[in-house]
Structure formats: C-alpha cells, structure tokens
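Peer 1: Could you have a look at this structure, given as structure tokens, before my questions?
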Amino acid sequence: MKAKQKPGVVFQPHVHRALQHGIRKLVSAIRPTLGPLSGGVAIDPLNEAETLPEYVDEGAVIARRIIELPDRNEDMGAMLLRAMLTRQQERIGDGTATAAVLFEAIFDGGLRYIAAGGNAMQLRRTIEGALPVILSQLDAMAFHLEGKAALTNLARSLSHDEEAAELLGDAFDLVGEHGRLEIREDYGRGLRQEYVEGNYFHSGMFSRVFANEQVEPRVKLENPSIFVCDFEIEEHQKLFPILQAANAASVNALVIVARNLSEKAIALLETHNRMGKFNVVGIKLPGHNPADRMAALDDLSLLTGATPFLMVTADSMEQVSARHFGQARRFWADLRTFGIVGGKGDPVKLREHVALLRTRYATAQDVDERKAIQERIGNLLGGAVTIWVGGFTEPEIRTRKNHAQRVALSMRAAVQEGVVPGGGIAYLACREALEPYYQQARDSDERAAYRILREALAAPARTIFHNAGYDPSEIMARLGYEQATTGFDVRADRIVDMREAGIVDSLIVAKTSLQNAIKTASLALTIDALVHLAAPEMVGNPQ
333 MKAKQKPGVV FQPHVHRALQ HGIRKLVSAI RPTLGPLSGG VAIDPLNEAE
383 TLPEYVDEGA VIARRIIELP DRNEDMGAML LRAMLTRQQE RIGDGTATAA
433 VLFEAIFDGG LRYIAAGGNA MQLRRTIEGA LPVILSQLDA MAFHLEGKAA
483 LTNLARSLSH DEEAAELLGD AFDLVGEHGR LEIREDYGRG LRQEYVEGNY
533 FHSGMFSRVF ANEQVEPRVK LENPSIFVCD FEIEEHQKLF PILQAANAAS
583 VNALVIVARN LSEKAIALLE THNRMGKFNV VGIKLPGHNP ADRMAALDDL
633 SLLTGATPFL MVTADSMEQV SARHFGQARR FWADLRTFGI VGGKGDPVKL
683 REHVALLRTR YATAQDVDER KAIQERIGNL LGGAVTIWVG GFTEPEIRTR
733 KNHAQRVALS MRAAVQEGVV PGGGIAYLAC REALEPYYQQ ARDSDERAAY
783 RILREALAAP ARTIFHNAGY DPSEIMARLG YEQATTGFDV RADRIVDMRE
833 AGIVDSLIVA KTSLQNAIKT ASLALTIDAL VHLAAPEMVG NPQ
C-alpha cells in the first residue's frame, strides 16, 4: 500500500532541477522513436492475461503509458509534458516525438540561461514572440501533394507499416482531403481495402423482416422514394397517410426514415410488403442526440430532395403527399448501416451546404466537433473507403489499427493544409529567419532567447540522425553548404532534395509541434514553486 504523502511547498532552485529531471525521463523514453530508422520501448503488459511486454514506437502511446513517476517533484515535470503530448495526439495524431524533443531543448537551454542570472519572464516573452516568425517561415515553405505516389510516400514517412502506407496512400487519392475513411478490425492476417459508392450512414433497418437478401440481412432497392422525419411512430395508423401517398404516386419502393417504429408499425409495413405492390423499409434516423439527429435530417433532405417532417415544427402525418418524398437511384441497408447512391436533391443547395460545413470545420476548435463535421462533409461528397486491418493476434490487430488511425489523421491534416520538407529540415531552414532578430536584439535576454530557439530548431534533425546511427555533427556540417530544402536521407545514406525524394512532414503537424513545445516550455521556465496536496486521490474516493 502506497504511503500517505505529506503536503508541502517546494521552492527554487529545487523546482527547476526536479522539473528538468522529470521531463528528461519522459523525453528519454520518447526520443528513440523519432525518425524512420528509430527504436522503440518495451512496456510491461497492461493486464495479467498478456505475458509479453508491449513494444511501442510512438511517442504519444509511450507518454500515455507513463502514469506517474515515484518522485512527486519530478512527476510534475513529466506530467506537464505528458498533458501537452496527449492533447496534440488527440488533435492531429502525430508529431509528439518531435514536440517532446523541441520542448526539452527549449527548456534545457532556458534553464542554463536562468541559472547564469537571466530573467525568466523576459526570456519567455521573447521566445513566445518569435513564434509567429517561425510559423510564417514554415508557411512559406509549404506545398501540396498530388497523386497516389506522393500520398503513399507521405504515408510511408508517417508509418513503419509498408502495407498500411500503400493502402492509405491509395485511399486518400480516392477520397481526397475530406473523404470518408474508416479503419476497422478484420479477422484476416493482412490488410484489405473496400470502396463504398454513394453516401452511407451508421444506422440500419428497424428489423430484419425488411431484408430481401436472407443470407445476410440486407435490402436493396432501385429508384426508391424517401420519406424523412424525426417522429417516434408508436401508433401504426400514423403510417397510413405515407403509404396512401406512395400508392397514389405509384412509387417503385419506399424508404421511411424515423426516430423509432413500434412493433405494430413494423408489422404493418411487413404486411404491406406481402401484398406485392411496392416494398417499404423502415430505417432508424442516425444520431444519438438531438444535434446529431438534426444534422442527419439536414443531410438526408439535401441529398435526396426530401422535405423533412419535424416534431419541433408540429408537422403532422396527415399533411404528407408525394411532393414531400425524396428520390435516389439506389438504396441499400443492413441492420447497422444504410446507403444512398445517386440522391436526387438540388445540387446547388448541396454545394452551398458543403461550403458552409467547410467553413465551420476550418473555424471549429473542439476535436470531436471537427471530426463530426469532417465526416459529414466526406459523406455528402460521396464515396468512402474502409481499410480492414488484420493480424496474427488480437493485440497485434488493435495495435496496427490504432497506428493506422493516427497516420490517417495526420495524412488528412497534411492533405488539407500542405506539407513541408521532412526529416527536421524545415525547422533547420527556419533558423535563418531568426538571424536578423538576433542581430537587432537590444539586451542579453533577447539574444539568449533567439540563441536557444536556433539550437532547439536543430534538435529534431540531430535526433533523427543519431537514431539512425549517424554522427549528428558530421551530417549538420555537410548540410551547412546545401540549399534550405536539401536534407539527409537516413535510409539511402545520401543528401537529397527532400521534396523530390518525397520526404515530407505535414505542415499542420510541424506548426502544432513547435507551437506546443514553445508555449509549454516557456511556461515551465516561469514556474517558481510546486505545491503538493496531502493525499491526491481520484474524485469520489474515500479519504
């Protein structure tokens, strides 16, 4: 049983020393994973059922596995960095090892200057003030990728899984920057890809009685009419006006999308289908909350041209006529999903709707909100790719799937925002932009800040060279005589133009890694005291 720890307050110089030790321990575990020829970390099994250690070569996963350091003072430094890396991984999926290396370089450089008598607040102000200059330089170097080969090279630079890189490059070439891509677990030993035509939703039939394919409960309809509402239809008589309007219009088939259908309502539709006039299918309205359901109603109505019936506007089934029905070329559904191919909504309104969603996506800050909007855009654009991930064991499948999802998230950001020369070369090229500011610096604190940033911007490249087995100083000396976009290909053991060689990094990942590292490290440099509680416990635990 862990001994109850005493409360206390820790002051300088112990604060910086303890923070540095904690940060160094976490970064030392993450640093070996940076670069294409990198190592990994062995971690104890997470549960008793597993006997072998977990091999991890991703910075964010390593950070998540380190929950607490034994020394409480050091733990504060490690957890400060861990929180930053976790947020970055959730936001963009990659760049955590780079961010960790940059963070340590800035923090260590700052500590050396503060120990020599420098002013921490002035140093922080100048370091953070230089951030826009570096970000602007990264923007100037950015370019966009086009074609399957370039996208596959990007995936290969982000992933050590060659098979996954090939499929991800092909997938993004098919669906584009906002296209719908899903990665799911499979029972095979390898990876495979499946393309789904049209627009599909994560919701299915109310009952298998609607299926017209019995081997696997599934229904396919040609040229169906589509009625959309958010009603919970408990009384089967409420369906009569819909069926009568469809019968009068001589529809080929009818799809009724509703929030819920009672057993009696399902039975009525089943009985109707036996009459042989036209098939009717009851589909659950997608969404787990009112906002999601309203979004699904908007998307379905725009895709098909249907007029949605809403409870909030007091719409009545008695008002239904054939003009309220939407249309599609084909429709399919199973018990979990349904899809629309060739929806016949107004294309102008649909384009305007997608443009509005793109604007919302660009301005949204919440990770979950951005993901939901992106999925809507991809679905409305039509076409989706599913990558099925297999393996020899369940842990291997889960690991490959999680890795592929993180790579896909980074690739999407790269396709949307552009890329910069990879291998740490983009950061090296940014050092020149700081030189005029260093020369014009008015005091020692400003000069120290620019000097620290220049050294830190070289840290990712140096780490990549070291992890690949090269002498960083020797490679840096060779690169000093080359152009800004020229770098060292550690795989080919030669100096190359990074853009022509396809060695690139996502612009948004590069910018986010740098921004997180600078802001968090400069904040850590101004921490002057640590306060410990008597017995930190989870909320709700007994004292």
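First residue of the sequence shown? That's 333 in the working numbering, and the numbers climb one at a time after it. Just so you know, even glycine gets a beta-carbon here, dropped at the ideal spot from N, CA and C.
Under 8 Å, do T844 and I424 count as touching if we go by C-beta distance?
Peer 2: Taking the sequence shown and counting its residues from 1, the one referred to as residue 844 is at position 512. Taking the sequence shown and counting its residues from 1, the one referred to as residue 424 is at position 92. Yes.
Peer 1: Tell me which same chain residues have a C-beta within less than 7 Å of the C-beta of G872, skipping the five on either side of it?
Peer 2: To locate residue 872, count along the sequence shown from 1; it is residue 540. With a pLDDT of 46 at G872, under the threshold of 50, the modelled position of this residue cannot be trusted; read the value that follows with caution. None.
Peer 1: Around the C-beta of Q576, are 16 or more other C-beta atoms found within 10 angstroms, so that it is buried, or is it exposed?
Peer 2: Taking the sequence shown and counting its residues from 1, the one referred to as residue 576 is at position 244. With fewer than 16 other Cβ atoms within 10 Å, it is exposed.
Peer 1: State yes or no: is the C-beta of L369 within less than 8 Å of the C-beta of R823?
Peer 2: For this step, residue 369 is matched to residue 37 along the sequence shown. For this step, residue 823 is matched to residue 491 along the sequence shown. Against a cut-off of 8 Å, the Cβ pair of R823 and L369 comes out as a contact.
Peer 1: Helix, strand or coil for M643, going by three-state DSSP, please let me know.
Peer 2: Residue 643 sits at position 311 when you count from the first residue of the sequence shown. It is coil, neither helix nor strand.
Peer 1: Take the Cβ of A335 as the centre, count every other Cβ of all protein chains shown within 10 Å, and call the residue buried at 16 or more, exposed below.
Peer 2: Stepping through the sequence shown from its first residue, residue 335 is reached at position 3. Reliability fails at A335, whose pLDDT of 46 lies under 50, so the model's placement of it is uncertain and the value that follows must be treated cautiously. Label assigned to A335: exposed.
Peer 1: Please report the distance separating the alpha-carbon of P339 from that of D407.
Peer 2: Within the sequence shown, residue 339 is the residue found at index 7, counting from 1. Within the sequence shown, residue 407 is the residue found at index 75, counting from 1. The straight-line gap from Cα to Cα measures roughly 15 Å.
Peer 1: Output the distance between the C-alpha atoms of V680 and P622, rounded to the nearest integer angstrom.
Peer 2: Here residue 680 refers to the residue found at position 348 when the sequence shown is read from its first residue. Here residue 622 refers to the residue found at position 290 when the sequence shown is read from its first residue. When rounded, the distance between both Cα atoms is 27 Å.
Peer 1: With L513 as the anchor, note down where its alpha helix (DSSP H) starts and where it stops.
Peer 2: Reading the sequence shown from its first residue, position 181 is the one you call residue 513. Element bounds for L513: not the alpha helix (DSSP H) but the beta strand (DSSP E), 512 to 517.
Peer 1: By the 10 Å Cβ neighbour count, where 16 or more other Cβ atoms means buried, how is I399 classified, buried or exposed?
Peer 2: Against the sequence shown, residue 399 aligns to sequence position 67. Result: exposed.
Peer 1: What residues in its chain sit with their C-beta under 7 Å from that of R540, if we drop five residues either side in the sequence?
Peer 2: Reading the sequence shown from its first residue, position 208 is the one you call residue 540. Around R540: P549, L667.
Peer 1: Grouping DSSP H, G and I as helix and E and B as strand, with all else coil, what is N584?
Peer 2: Position 252 of the sequence shown, counted from the start, is the residue given in the question as residue 584. Coil.
Peer 1: Quick check: V752 and A842, are their CB atoms within less than 8 Å of each other?
Peer 2: To locate residue 752, count along the sequence shown from 1; it is residue 420. To locate residue 842, count along the sequence shown from 1; it is residue 510. Contact: yes.
Peer 1: Could you give the DSSP three-state label for N485: helix, strand or coil?
Peer 2: Residue mapping note: residue 485 aligns to position 153 of the sequence shown, counting from 1. Reduced to three states, the DSSP call for N485 is helix.
Peer 1: Identify, in the order they occur along the chain, each residue of the same chain with its Cβ nearer than 6 Å to the Cβ of C762, setting aside the five sequence neighbours on each side.
Peer 2: Along the sequence shown, one-based indexing puts residue 762 at 430. These residues qualify, in order along the chain: I466, Q469, L789.
Peer 1: Quick check on DSSP: helix, strand or coil for Q772?
Peer 2: As a working note, residue 772 is residue 440 in the sequence shown. Coil at Q772, not helix or strand.
Peer 1: How about G714 and N531: do their beta carbons lie closer than 8 Å?
Peer 2: Taking the sequence shown and counting its residues from 1, the one referred to as residue 714 is at position 382. Taking the sequence shown and counting its residues from 1, the one referred to as residue 531 is at position 199. Going by C-beta atoms, G714 is nearer than 8 Å to N531.
Peer 1: With a floor of 4 residues, list each alpha helix (DSSP H) that falls wholly inside the segment 525 to 577, ordered by position along the chain.
Peer 2: Counting only runs of 4 or more, we get nothing.
Peer 1: Suppose contacts are defined by Cβ-Cβ distances below 8 Å. Is F670 in contact with L553 by that definition?
Peer 2: For the purposes of this step, residue 670 is taken as the residue at position 338 of the sequence shown. For the purposes of this step, residue 553 is taken as the residue at position 221 of the sequence shown. No, they are not a contact pair.
Peer 1: So, is E603 buried or exposed, given that buried needs 16 or more other C-beta atoms within 10 angstroms?
Peer 2: Indexing the sequence shown from 1 puts residue 603 at position 271. The displayed chain sequence assigns Thr, not Glu, to residue 603. By the 10 Å Cβ count, T603 comes out exposed.
Peer 1: Quick test of the definition: if touching needs 3 or more C-beta pairs under 8 Å, does the segment 593 to 612 touch the segment 504 to 520?
Peer 2: Counting Cβ pairs under 8 Å, fewer than three are found: no touch.
Peer 1: Using 10 angstroms around the beta-carbon of R794, count the other beta-carbons present and answer buried if the total reaches 16, otherwise exposed.
Peer 2: In the sequence shown, counting from the first residue as 1, residue 794 sits at position 462. With 16 or more Cβ atoms within 10 Å of its Cβ, R794 is classed as buried.
Peer 1: Nearest-angstrom Cα distance between A702 and Q847?
Peer 2: Numbered from its first residue, the sequence shown carries residue 702 at position 370. Numbered from its first residue, the sequence shown carries residue 847 at position 515. Checking the sequence, you will find Arg at residue 702 rather than Ala. Cα-Cα distance, rounded: 20 Å.
Peer 1: For Q875, count neighbouring C-beta atoms within 10 Å of its own C-beta (all shown protein chains included) and say buried if the count is 16 or more, exposed if not.
Peer 2: In the sequence shown, residue 875 corresponds to position 543, counting from 1. Its pLDDT being 39, under 50, Q875 is placed unreliably by the model, and the measurement read from it follows with that caveat. Exposed, by the Cβ-count rule.
Peer 1: Would you tell me roughly how many angstroms separate the C-alpha atoms of R521 and G722, rounded to the nearest one?
Peer 2: Numbered from its first residue, the sequence shown carries residue 521 at position 189. Numbered from its first residue, the sequence shown carries residue 722 at position 390. If I take the Cα positions, the gap works out to 5 Å.
Peer 1: So the candidates are T725, E707, K733; which of them puts its Cα closest to the Cα of I719?
Peer 2: Translated into the one-based positions of the sequence shown, residue 719 becomes position 387. Ranking the options by Cα distance to I719, first place goes to K733.
Peer 1: Quick check: the Cα distance between G710 and P618, rounded to an integer number of angstroms?
Peer 2: Start at 1 with the first residue of the sequence shown, and residue 710 comes out as number 378. Start at 1 with the first residue of the sequence shown, and residue 618 comes out as number 286. One C-alpha to the other measures close to 16 Å.
Peer 1: List the endpoints of the continuous beta strand (DSSP E) containing I615.
Peer 2: Numbered from its first residue, the sequence shown carries residue 615 at position 283. Note, I615: beta strand (DSSP E), 611 to 616.
Peer 1: According to the Cβ coordinates, are A410 and L401 closer than 8 Å?
Peer 2: The sequence position of residue 410 within the sequence shown is 78, counting from 1. The sequence position of residue 401 within the sequence shown is 69, counting from 1. A contact, by the Cβ cut-off of 8 Å.
Peer 1: When the distance is taken between beta carbons, is R708 closer than 8 Å to L689?
Peer 2: In the sequence shown, the residue the question calls residue 689 occupies position 357. In the sequence shown, the residue the question calls residue 708 occupies position 376. Yes, the pair counts as a contact, with Cβ atoms nearer than the cut-off.
Peer 1: Mind pulling the beta strand (DSSP E) runs of 3 or more residues that sit fully within the segment 338 to 415?
Peer 2: Complete beta strand (DSSP E) runs here, min 3: 340 to 343, 373 to 375, 386 to 388.
Peer 1: What are the boundary residues of the alpha helix (DSSP H) that includes H735?
Peer 2: Here residue 735 refers to the residue found at position 403 of the sequence shown. Residues 726 to 749.
Peer 1: What does the Cβ neighbour count give for N485, buried or exposed, with the cut at 16 atoms within 10 Å?
Peer 2: The residue given as residue 485 occupies position 153 in the sequence shown. With 16 or more Cβ atoms within 10 Å of its Cβ, N485 is classed as buried.
Peer 1: Would you say V717 and A503 are within 8 Å of each other, going by their C-beta atoms?
Peer 2: In the sequence shown, counting from the first residue as 1, residue 717 sits at position 385. In the sequence shown, counting from the first residue as 1, residue 503 sits at position 171. Yes, the Cβ-Cβ distance between V717 and A503 is below 8 Å.
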